[in-house]
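Protein chains in written order, with our numbering: chain W, 2 to 201; chain X, 2 to 201; chain F, -3 to 328; chain G, -3 to 328.
First the structure, in the form of structure tokens, and then the observations on it.
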Amino acid sequence: MIKNYDNWIKKSCQNINNIYHELDDLDQKIGDGDHGTTILKGLKEAEKIFKENIENSLDVIMSIVAKQMRLVMGGSSGILMSIFFYESGKINPYNISLSIVTIFQNTVNKIKKTGKVNVGDKSILDVYVPLLDYLNTDIEIDKNLDSINKIIKSSSESTINMEAKVGRAKFLEKKGLGIIDPGAYSTSIILKEFFNSLYK
Amino acid sequence: MIKNYDNWIKKSCQNINNIYHELDDLDQKIGDGDHGTTILKGLKEAEKIFKENIENSLDVIMSIVAKQMRLVMGGSSGILMSIFFYESGKINPYNISLSIVTIFQNTVNKIKKTGKVNVGDKSILDVYVPLLDYLNTDIEIDKNLDSINKIIKSSSESTINMEAKVGRAKFLEKKGLGIIDPGAYSTSIILKEFFNSLYK
Amino acid sequence: MKKIINKKNEIVDDMLMGYVKAHSDRVKFSSKNNRIILRKIKKNENKTSLLIGNGSGHEPIAVGWIGEGLLDANVVGDIFAAPSGDLILEGIKEFKNNKGVILLISNHAGDVMNGELAIELAQNSKINVSSLIMYDDIASAPKGNEDQRRGGAGTTFVYKILGALSEKGADKDELLTLGEDVINNTRTLSVAVSSGISPITEKKIFELDEDEIFIGMGVHGESGYGRQKISSSKNIIKFMMDKIFDDYSYNKNDIVIPFVNGSGSTTLMELLIIYKDIEEYLTKYNINSFKPLVNEYITTQDSAGFSISLLKSNDIMRELWKEPCSAPYFHI
Amino acid sequence: MKKIINKKNEIVDDMLMGYVKAHSDRVKFSSKNNRIILRKIKKNENKTSLLIGNGSGHEPIAVGWIGEGLLDANVVGDIFAAPSGDLILEGIKEFKNNKGVILLISNHAGDVMNGELAIELAQNSKINVSSLIMYDDIASAPKGNEDQRRGGAGTTFVYKILGALSEKGADKDELLTLGEDVINNTRTLSVAVSSGISPITEKKIFELDEDEIFIGMGVHGESGYGRQKISSSKNIIKFMMDKIFDDYSYNKNDIVIPFVNGSGSTTLMELLIIYKDIEEYLTKYNINSFKPLVNEYITTQDSAGFSISLLKSNDIMRELWKEPCSAPYFHI
Ligand SMILES: Nc1ncnc2c1ncn2[C@@H]1O[C@H](COP(=O)(O)OP(=O)(O)O)[C@@H](O)[C@H]1O
Ligand SMILES: Nc1ncnc2c1ncn2[C@@H]1O[C@H](COP(=O)(O)OP(=O)(O)O)[C@@H](O)[C@H]1O
Ligand SMILES: [Mg+2]
Ligand SMILES: [Mg+2]
Ligand SMILES: [Mg+2]
Ligand SMILES: [Mg+2]
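Given below as structure tokens:
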């Protein structure tokens, strides 16, 4: 499991590294232009911290990773995006599927509470919730990776047509309409890698 | 004589009003971009003050005019360009030609002293000195107006090929080379009108 | 990029190093973390400490406001990013033995989330800390929803007035009560004239046409009342003051403290002209001004623009507002 | 034009009105002329008065520097234009019964011509006045011709130190002697990063390419050491400090007062980073810094750029430098 997680974080970091400029550009349009730089910084730190703490149990590692991500990222995205990393440490190797549902359920609850955010507000939540809904239909994850990837992709893209009610975009003239939410986009990459690393 | 002077100042003001933008543009290139605005302000004030004090003798009028020009113009050009206006009040109606030579001689002396400036330094002095030299050749002014106008024009244009040793242009990379000195240009207009108003 | 800096990812740390070196007689780094800046000499533990965590890029606020009669500490985030709750917690812990601690929070999502996390963690550690969320920007939420408004330049009144009162030994509750009172009586409206360049993205922070200004725009370019053609100071001030007067009821003989804040490259010449027009507007309504502040205090890099903040004041507020303070970049 | 003003030809008068209104507790107009700004309360006639005439557009200098421990008066010219000698004379006459008067003159042609005229006229009226011509900009004339250099940001040392000494009752000669001493030990070098817009011409004051800076450029865009590609703060500071160190011999254990002045839209963040690099440079040579000044004090509208000034100080200078003063826009 630790190997999968190590791989997940590494791959996420690599993928974000390839497109962080794109994320900055999106955030430039509807925020302050730093989302790519910020999440990349967080993931690089996560990769480093993971390695440094590899002797510990996964939940300990991930709680340290999450805290350090929060610390280096700062802002709204640090505190919100580290939630999934923290929760992910509670995976149960003996019942992965069930524990994943719990992880996503807790992540969604915490994001909602911390971010005072709802579905449709144009944020990372708009990726987590459709995915949780799908996982809640009792599917076998390993046999439905394609569907999962599709849901992740389409739900992050669905933020294009949303008007922001949270984040900096909320204060824009057009509330970010027509632009994909950068946090949702980066989250989609991270979640895709999460499932790929667990099951491939 | 008072009528001629009134006319001189009015005409100068009109002419400068037509081209003060051009003077600002020249000063923009080799100074701080305000010479046209500044000299126009000075001449407008001169016109007003002249009218207000028209009951006085010419030398009294012109000393008040000069002081007010200096006051509203400020900067280097106020103090330097008002000198001729001050000296011009000392014209002798019974011997115009001779007194004009004295006026120009005194103007040149005072500009040199106040401005710490020499011929060739790219300034208003480069208009006054060639003219004074010509006047010193004992010509009859009224019969040589064309030559006078030519000298005024060519001497102001000669500043194009000078490198500034005074004024703001002195600190420029090319020391204003290639650009006519705005102060010399405006002075050429004022002096041309001076002779025209006296003799036409 | 036309910014004089060294490595881009070290801007904030370099700045703080320069700040602490330049004002070593008055401020220092926390021994625990170089993102926590403290007064050189800590006041005794009977003081209710005041601190704030905020993103950088808006200097001199708040890092420049550490000193007697103002802040005890500032926790500094990256450019335009609130510091994490964990870091703010470290800042709060510097005062764990103090009678009380107040964490000021300017109402911006990141600052609130991280601030609240820090408060929760600190309270778990039995530190007597409370937060005070400050808001004043009338363009960011309508009348009736004041507490959803964002923190703008008017938060300065809270910093300064609580700073002075805490110095005199007031306890936390007294400070919080006065703080709420100041917030309730503060209104701010800002206008953007042209964008500065972000040192991170190296791009303009927002776009405005050559003849356009934007009334109510937030510090990062977020919208308010919208774009209009630039006009005279008098016109713009009338438009803005009318909006402020629609939002709060000022009465004859009220005494307000006006604060005209420049956002970076708007010149002091302009700010003073703006102040003149504001005072003339107030005078027409028979409202008096008390010790106004006119300068650049909360900037967004080299953006051009300004904000008007008004505090409808009482005697106590005015007394505290004019108290001297020793912060390197706050001057009354 | 992206400037918030009213009528273009009333900019200076509007600004002064705003200034006097905003700081009515400390400054006022002369009853004779609204271009002469005085302390609200005149010090007694035993004081040697300090004043200066200068063009506007560079605020807060010098109009913002009127107050106890600094200037007694400022005579304000139009944008970038020295006031006429006649107007400066009016300013001097405000102190005609004082023990002595010093007219500070920053070495720029217009200021000198008009200042000298004023001195001549005032001396004719039997006022005990002298001028002190201040220069410091090493890019404007070579070593050996120091007195032909222009007045730059380093003139600030003269204002502040003589301001503090004159407040203590020193007489004119003592002040002039110390003033000369300060001037002889001051060096300034400036760099332009990008041009602001002149409120008169509505155009850029000078032109620089997107990746270019200009070392030694004067406040209106005049040339010095020339253009170079922008590089890191460390590189630029090394280049500039090397030039300053070529010009004046600093020794181990010298104590210098550093002043980093921002010319308008250069951010405080940058100025503090620059200060860090300056202090590190000084430290390498074992030179100590004393109470540095880092902020925007002498600006050229919204131009970007900065200058470095160093005063090699002695005990007396340092004592006077750190004295408090009450001017609305000078803070030590
Ligand atoms: N209240 C919120 N709830 C959920 N997600 C949020 C919230 N606020 C911001 N976000 C997410 O954070 C992203 C921006 O992240 P980032 O640019 O790193 O932070 P910042 O806005 O502090 O610069 C947005 O695209 C959005 O997805
Ligand atoms: N020392 C000097 N001697 C003679 N003429 C000078 C001197 N300095 C400046 N001038 C003249 O003044 C002109 C500039 O005038 P203006 O732009 O009105 O003043 P400023 O330079 O104060 O803005 C120059 O073109 C030059 O002819
Ligand atoms: Mg962002
Ligand atoms: Mg000029
Ligand atoms: Mg950010
Ligand atoms: Mg000028």
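Just so it is clear, CB atoms sit at the ideal spot from N, CA and C, and this is done for glycine as well.
Mind pulling the chain G residues with CB within less than 7 angstroms of residue i?
i	result
X:T38	I196
X:T115	M109
X:Q29	T197 and K199
Within a Cβ cutoff of 6 angstroms, which residues of the same chain sit near residue i, ignoring the five residues on either side of it in sequence?
i	result
X:K111	I84
G:P288	P254
X:E164	K176 and L178
F:D273	S229, K230 and I233
G:S299	S191, G192, S259 and G260
F:I312	none
F:A118	L85, I88 and V125
Who are the neighbours of residue i on chain F, taking C-beta pairs under 9 angstroms?
i	result
W:L24	In chain order: nothing, as chain F lies at least about 11 angstroms away.
G:G150	Simply none; closest approach about 17 angstroms.
Ignore the nearest five residues each way along the sequence and tell me which others in residue i's own chain have a CB closer than 7 angstroms to its CB.
i	result
F:I57	Y293 and I294
X:S64	Y87 and G90
F:N181	L307 and K308
F:G96	T44, N124, D167 and K168
F:S162	K43, T44, L46 and L171
G:K318	K287 and I328
For a contact defined as C-beta to C-beta under 7 angstroms, what are the partners of residue i on chain F?
i	result
G:K156	In chain order: nothing, as chain F lies at least about 15 angstroms away.
Give me the DSSP bridge partner(s) of residue i.
i	result
F:L47	F:A69 and F:L99
F:A78	According to DSSP, F:A78 bridges with nothing at all.
G:R183	G:L306
F:S52	F:I75
G:N291	G:N257
G:R35	G:V23
G:S190	G:A300
G:F210	G:A188 and G:R223
F:V252	F:S285 and F:K308
For residue i, which residues in chain G fall below 8 angstroms Cβ to Cβ?
i	result
X:I80	S80, G81, G106, M109, N110 and L113
In the structure shown, what three-state DSSP assignment does residue i receive?
i	result
G:D167	coil
W:F195	helix
F:N257	strand
F:N30	coil
G:F286	coil
G:D298	strand
G:I84	helix
F:G222	strand
F:I196	coil
F:I57	coil
W:I17	helix
F:G62	Looking at the sequence itself, residue 62 of chain F is Ile, so the reference to Gly does not match. Here F:I62 sits in strand by DSSP.
G:N247	coil
G:E203	coil
Name, please, each residue of chain W whose Cβ falls closer than 8 angstroms to the Cβ of residue i.
i	result
F:A331	Nothing about residue 331 of chain F can be reported from this structure: the residues present for chain F run from -3 to 328 only.
Can you pull the chain W neighbours of residue i, defined as C-beta to C-beta under 7 angstroms?
i	result
F:D74	G75
Going along chain G, which residues have a C-beta under 9 angstroms from residue i?
i	result
X:K68	S80 and D82
Name, please, each residue of chain F whose Cβ falls closer than 8 angstroms to the Cβ of residue i.
i	result
W:G168	A105
G:N2	S228, S229, K230, I269 and D273
Near residue i, which residues of its chain fall below 8 angstroms by C-beta distance, leaving aside the five closest residues on each side in sequence?
i	result
W:Y200	I142, D143 and L146
W:L132	F105, I149, I152, I153, S156 and L192
X:I3	I55, L59 and I62
**Item:** Runs of alpha helix (DSSP H) lying entirely within the region 46 to 120 of chain X, each at least 4 residues, in chain order
**Value:** 59 to 74, 76 to 89 and 97 to 116
**Request:** Write down every uninterrupted run of the alpha helix (DSSP H) in the region 94 to 151 of chain G whose length is 4 residues or greater and which is fully enclosed by it, in chain order.
**Result:** Counting only runs of 4+ residues, the alpha helix (DSSP H) found wholly inside the region 94 to 151 of chain G occupies 105 to 120, in chain order.
**Message:** I'd like the ranges of any alpha helix (DSSP H) spanning at least 4 consecutive residues and lying wholly in the region 108 to 189 of chain W.
**Reply:** 126 to 136 and 146 to 158
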